[in-house]
Amino acid sequence: MFAMPMYEMRYHDWEEWEEISEIELMDGLYKIYNKVTPAIKEMITGKEIVTPEAVYRLKWKGGEQSDRLSKEMLTAT
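Going by our numbering, the letters in the sequence shown line up with residues 6 to 82, in that order.
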């Protein structure tokens with residue numbers, strides 16, 4: 006089973022993270038960054054992206070490969 010990327014968002018005044026679609030992620034990031042690719046690259050390395058409205062992060066979901074894949078992504082950059 007393969008690991009799938011899952012995007013999460015949390016408004017600054019919220020305590021809980023909410024799973025969002027790729028389209029919602031792109032929309033939120035595009036409002037701040039004209040080019041979203043550098044922000045997504047940072048998310049792949051485990052960083053959270055903070056905007057004036059919310060915080061975004063990437064999680065790997067499913068399978069035994071999710072932990073291994075996360076470690077590989079961190080060492081590949």
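The C-beta atom is built at its ideal place from N, Cα and C for all residues, glycine as well.
- Taking all protein chains in view, the Cβ of Met9 is surrounded by fewer than 16 other Cβ atoms within 10 Å, so the residue is classified as exposed.
- With respect to the C-alpha of Ile28, the residue from Glu21, Val41, His17 having the closest C-alpha is Val41.
- Ranked by Cα distance from Trp65, the options Thr50, Pro57, Ile54 are led by Thr50.
- Taking 7 Å as the cut-off, the beta carbon of Tyr61 is found no closer than this to the beta carbon of Met31.
- Residues Ala44 of the same chain have their beta carbon placed closer than 7 Å to that of Tyr38, with the five preceding and five following residues left out of the count.
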